[in-house]
Amino acid sequence: MSIQEIEEKVKNFLVEDLEIEEEKIESGARLKEDLGIDSLEVVDVVVLVEDQFGYKMKPEDFKDLVTLDQFCKFIQDHVA
Amino acid sequence: MQRSLIWLFRLLPLWLLYGVMALVIPFYIIFDHNGRNASWRFFRQRMDYGALKSAVHVYLNMFSLGMVVLDRFAAYAGKKFKAKVDGEDYFQIWSQDQDGFMIHSCHMGNWEMSGYIRKSSKHMNVLVYAGETATVMAGRTKMFESGNVSMVTAKEDLSHLYILNSALSNGEIVSMPSDRAYGSNKVIRCPFLGAEASFPAGPFRLAAAREARTMAAFCMKTGYSTYTVLFRPIHGNSAGEIARAFAGEMETVVRKWPDQWFNFYDFWS
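Top to bottom, those sequences are chains P and A.
Just so you know, we're using this note's numbering here: the first sequence kicks off at 1009 and counts up by one.
Just so you know, we're using this note's numbering here: the second sequence kicks off at 6 and counts up by one.
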C-alpha cells in the first residue's frame, strides 16, 4: 500500500470518526497537541489500524510517534 | 485486619457479623460526612424521599454497603452464595458466538460477586482498579480462577484499554465499570434520575469503535445469601447512544434497589 493511500485512509478516519477539522490535518501536525488525540482517542486509532490495515498496535508503538506523517510511515513499515 | 475477617468468617455465621455491623453503622454515619451527605442528597433529590424516609434509607444504604463488603470476605472464606439470573439466555447465546462482547457494570449491588458465584463459558476479562490490598487481590484471584475470569488492572495512561480491545478482538468478554471516570476527563453526559450525569467515555468509545455487542449487567443482593444477576442487552451505534442506553438500564435498577447505590459522591456534578 502506498503512503498516499495510507494518508488518505487515516485522514478520512480522523475527519469522519474523530470529527477533527479537516484544515488541521497536515503531514507535520502533532497528534496530541494539534489534533487533540489523547489517550482515549488512541483507542479508536488502534481499532482503525487493526480494521483498515490489519496490524495490532501496542501502547509502546505510540511512544515515538509525534506527528501525523510519522504515524502514517509507521503503518507503512508494519503493513505487509 | 482483612485476614482476620476471613478467619472469623470461617468460624462464625454471616448473620452474626451483619449484626455487629448494624451497631457500627451509626458511627460511620456520624463521622463519614461526605458519604452520609452524598447518600442523603441521593435519597432527597434523586429518589424524592421525605426527610425521615431519607434518613432511614441513609442507614439502609450504608448497611447494604457493609453487607456486600462482608459478603466478599465471606466468599474468600469459603461461604457459599446462591445466584438467581435474569437474562441468562442473552448471556449464554452471546457466549456461544465466536465474537466477543462487552459488559458495562457500575457501582451498585455487588457485580464482583457474580464472578464468584457463576462460571462463564467464554473467557471474561474484568477491569479492576489498582489500590486494593494484597488480601483482596489474592481473594479475587482465587475466586475468579474457577469462574474463567481474568483481571485487568486499570492504569492512568489508559493502556488497559489496549488489553481489553485485544480481548474483544479475540472473541472474549470484556467487563468494565462504566459509571466512574478514570484516567481521562472525557465524559458523555446522559439523563439519569431526572438530571444529567457524567459517564466516562472510555468504555462506550471502546464498544462503539469495535462495534461490539454490549449488555448492562448488575448483581443485586436479594436475600440473606442470595444475589440476583441481571443481564440487559443495550443497543446503540455511537458511544453516546450506548451510554444513554446504559444509563437507562441503571435507572431502572436503582429505582428498584435504591439502597444498593454505592456512588458516595455528587454523581451529577
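Glycine included, every Cβ here is placed at the ideal spot set by N, Cα and C.
Quick caveat: nothing in here was measured; it's all calculated off a predicted structure.
Residues bridged to residue i (per DSSP)
i: H165(A); result: In DSSP, H165(A) forms no bridge with anything.
i: I1028(P); result: None, per the DSSP bridge assignment.
i: W266(A); result: M113(A)
i: N5(A); result: Lying before the first or after the last residue shown, residue 5(A) is absent from chain A, which here runs from 6 to 274.
i: Y232(A); result: A88(A), K226(A)
i: Y1057(P); result: Here residue 1057(P) is Val; the residue named in the question, Tyr, does not match the sequence. In DSSP, V1057(P) forms no bridge with anything.
i: A1037(P); result: In the DSSP output, where bridge partners are listed per residue, A1037(P) has none listed.
i: R218(A); result: F106(A)
i: C195(A); result: A202(A)
i: R237(A); result: A221(A)
Chain-order list of residues whose beta-carbon lies under 8 angstroms from that of residue i (same chain, five-residue window excluded)
i: K124(A); result: S151, G152, N153
i: K58(A); result: F48
i: D104(A); result: G176, A217, R218
i: G228(A); result: K87
CB of residue i within 8 angstroms of CB of residue j, strictly
i: L1048(P); j: A206(A); result: yes
i: L1076(P); j: L1026(P); result: no
i: P196(A); j: M52(A); result: no
i: I30(A); j: M67(A); result: yes
i: G14(A); j: K84(A); result: At residue 14(A) the sequence reads Phe, which differs from the Gly that was named. Result yes, Cβ atoms of F14(A) and K84(A) sit closer than 8 angstroms.
i: V234(A); j: V73(A); result: no
i: S203(A); j: V192(A); result: yes
i: F236(A); j: E117(A); result: no
i: N130(A); j: A159(A); result: no
i: I247(A); j: A222(A); result: no
i: F106(A); j: M220(A); result: yes
i: C111(A); j: P208(A); result: no
7 angstroms CB neighbourhood of residue i in its chain, flanking five on each side removed
i: L70(A); result: F267
i: H240(A); result: A250
i: V1050(P); result: F1070
Same chain only: Cβ atoms within 6 angstroms of residue i, ignoring 5 sequence neighbours per side
i: Q1084(P); result: I1011, I1014
i: L1039(P); result: I1045
Contact test: residue i Cβ vs the ligand NAD heavy atom, cutoff 7 angstroms
i: N130(A); result: Questions concerning the ligand NAD fall outside what the structure shown contains, since it holds no ligand whatsoever.
Report yes or no: do the segment 166-182 of chain A and the segment 140-149 of chain A share at least 3 C-beta pairs separated by less than 8 angstroms?
Judged by pairs of C-beta atoms under 8 angstroms, the segment 166-182 of chain A does not touch the segment 140-149 of chain A, as fewer than three such pairs exist.
Give me the subset of the segment 1016-1033 of chain P whose CB atoms are less than 7 angstroms from a CB atom of chain A, sorted by chain position.
Per Cβ criterion, the list is empty.
Contact list for the segment 204-215 of chain A against chain P, Cβ threshold 7 angstroms:
Residues of the segment 204-215 of chain A whose Cβ lies closer than 7 angstroms to any Cβ of chain P, in chain order: A206, G207, R210, L211, A214, R215.
Measuring CB atoms only, is the segment 170-181 of chain A touching the segment 97-107 of chain A, in the sense that at least three cross pairs come out at less than 8 angstroms?
Verdict: yes, contact present.
Please list the residues of the segment 166-177 of chain A that have a C-beta atom closer than 8 angstroms to any C-beta atom in chain P, keeping them in chain order.
The residues in question are L166, Y167, N170, S171, S174.
Give me the subset of the segment 1037-1050 of chain P whose CB atoms are less than 9 angstroms from a CB atom of chain A, sorted by chain position.
Listed in chain order, the positions of the segment 1037-1050 of chain P with a beta carbon within less than 9 angstroms of a beta carbon of chain A are D1046, S1047, L1048, E1049, V1050.
Mind checking the segment 109-140 of chain A against chain P and listing, in chain order, the residues whose C-beta falls within less than 7 angstroms of any C-beta there?
For the segment 109-140 of chain A, which is checked against every Cβ of chain P, not one residue is closer than 7 angstroms.
Which residues, in order along the segment 1060-1079 of chain P, keep a beta-carbon less than 8 angstroms from a beta-carbon of chain A?
Using a CB distance below 8 angstroms, the part of the segment 1060-1079 of chain P facing chain A consists of K1064, M1065, K1066, P1067, ordered along the chain.
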